[in-house]
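Here is the structure we will look at, set down as structure tokens.
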Amino acid sequence: MVIEAEDLQFVRRGGGFSLTLPSFSMAAGEAMAVLGSSGSGKSTLLDLIGGVLRPTAGRLSLFGQDATGLSSTALDRLRGDRMGVIFQEHNVLPFATVRQNVALGVRFSAARRARLTGPVDAEIERLLTLMGLEPAAVLHRHASDLSVGQRQRVAAARALLGAPDLIIADEPTSALDEGNQARFMALLNAARQETGAALLFVTHDPRLVEGFDQVLRLDEPAQSHGEDD
Ligand SMILES: Nc1ncnc2c1ncn2[C@@H]1O[C@H](COP(=O)(O)OP(=O)(O)O)[C@@H](O)[C@H]1O
Ligand SMILES: [Mg+2]
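So the number in my numbering is just where the residue sits in the sequence shown, counting from 1, plus 1231.
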């Protein structure tokens, strides 16, 4: 199993926010969407899975290992070696080239480098192509020269480099217009199926969760302060 989460609970220090999750598990290659409005705890859930935050209660197993017993260093290594991460925005280093940005996917993990099946440049080009980008046209451009939609696709290629077992994506399409959202979803799904990665995809948009193997719905928060997504 990629993830086994049993009665996970997270209480933010100071007590302002608490998240109680139903038990869930994800098998290799599965796609799971997490749907919830702004402030419902979606990013918190991804931080728990990524080992950035630790659960207050419950059991979490990642790739068959008990994650609650691991040190912070071991959790960082687990994330670097086995997870690819796509954020909402600011994914790319603007003044690095597209090639350099994608190559970062394996820069800090010998395990990820070891999983490359050929030369890194060939794999970068393959993944850019899978994400609908023409390698020859974009490889040596600064990421800042690309559109937001193209930058998110570069971020997806980076997340997929070195065949991580799990991609975690935090509202990666929220800065895109509707046409580009649909295109990004289709490309990401095709690419992750091709690479065999499981996907944990967070969104506030119910239109995006079609086609996922599982959908986890987070409770609506008490509407207090208007927070932007
Ligand atoms: N670093 C933080 N410090 C204090 N509160 C935070 C922090 N990050 C998030 N929160 C609060 O925790 C709750 C859940 O946030 P989050 O997981 O980011 O929700 P979502 O991603 O669904 O919008 C919100 O009430 C938010 O304001
Ligand atoms: Mg969030």
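We treat Cβ as the ideally placed atom computed from N, Cα and C, and that holds for glycine.
This one's a predicted model, so the numbers in the text were calculated from it and none came from an experiment.
Exercise. Measuring CB to CB, does G1267 end up less than 9 Å from D1450?
Worked result: yes
Problem set entry | Under 9 Å between C-beta atoms of V1323 and R1389 | yes
Exercise. Start and end of the beta strand (DSSP E) containing R1384?
Worked result: Premise fails: R1384 lies in the alpha helix (DSSP H), V1379 to L1391, not in any beta strand (DSSP E).
For this session: Tell me, to the nearest whole angstrom, how far the beta carbon of A1428 is from that of D1396; I am working on the premise that it is less than 8 Å.
Result: 6 Å
Problem set entry | CA nearest to the CA of D1307, picked from G1410, L1284, H1371 and A1394 | L1284
Exercise. Taking Cβ to Cβ, would you say F1318 is nearer than 9 Å to D1436?
Worked result: no
For this session: Quick one: using the 10 Å Cβ neighbour count with 16 as the cut-off for buried, is T1426 buried or exposed?
Result: buried
For this session: Could you pull out every residue in the same chain whose Cβ sits closer than 6 Å to the Cβ of R1243, ignoring the five residues on either side in sequence?
Result: none
Exercise. Going along the chain, which unbroken runs of the alpha helix (DSSP H) with 4 or more residues stay wholly within the stretch 1298-1375?
Worked result: 1303-1313, 1329-1338, 1341-1345, 1351-1361 and 1366-1369
Exercise. Among R1330, I1280, I1355 and S1340, which has the Cα closest to the Cα of A1422?
Worked result: I1355
Problem set entry | Residue of G1246, G1315 and H1321 minimising C-alpha distance to D1278 | G1315
For this session: Quick one: residues in its chain with C-beta nearer than 6 Å to the C-beta of L1252, no 5 flanking neighbours on either side, listed in chain order?
Result: L1239
For this session: Check M1263 in the structure and name its three-state DSSP category.
Result: strand
Exercise. With a CB to CB cut of under 6 Å and the five nearest residues on each side skipped, what residues in its chain are close to M1257?
Worked result: V1233, I1234, M1263 and A1429
Exercise. Of the residues F1241, S1274 and A1345, which one's Cα is nearest the Cα of T1299?
Worked result: F1241
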